[in-house]
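J.: Here it is: the structure, laid out below.
Numbering (our numbering), first residue to last: 448 to 518.
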């Protein structure tokens, strides 16, 4: 991946993040779920939100567990 591709990838991430943040009043867990749905990994989500990868992993795990229970 060349530097232009990396820049475009980063811009794409920022645009998606801005769209999510535009949902005013969204709780951190809701934003984590949305970013996870968009394909972001726990480490990247943690970097974007200023939290730990473990916090993100726990939130994503709870969502997966709840989704399995409702099916």
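Idealized CB from N, CA, C, for every residue including glycine. Here the structure is a predicted model, which means the values were calculated and not measured.
Look at the alpha carbon of residue 520 and the alpha carbon of residue 474, and state the distance between them as a whole number of angstroms.
T.: With the chain running from 448 to 518 in the structure shown, residue 520 is simply not present.
J.: Fully enclosed by the stretch 449 to 508, which alpha helix (DSSP H) runs are 4 residues long or longer?
T.: 450 to 468, 475 to 484, 489 to 496
J.: Considering Cα atoms alone, identify which of 465, 463, 479 is closest to residue 508.
T.: Residue 479 holds the alpha-carbon nearest to the alpha-carbon of residue 508 among 465, 463, 479.
J.: Short of 6 Å in beta carbon distance, which residues of its chain neighbour residue 463, apart from the five on each side in sequence? Order them along the chain.
T.: The answer, listed in chain order, is 485.
J.: Can you tell which of 466, 483, 465, 448 has its C-alpha closest to the C-alpha of residue 500?
T.: Nearest C-alpha to residue 500: 483.
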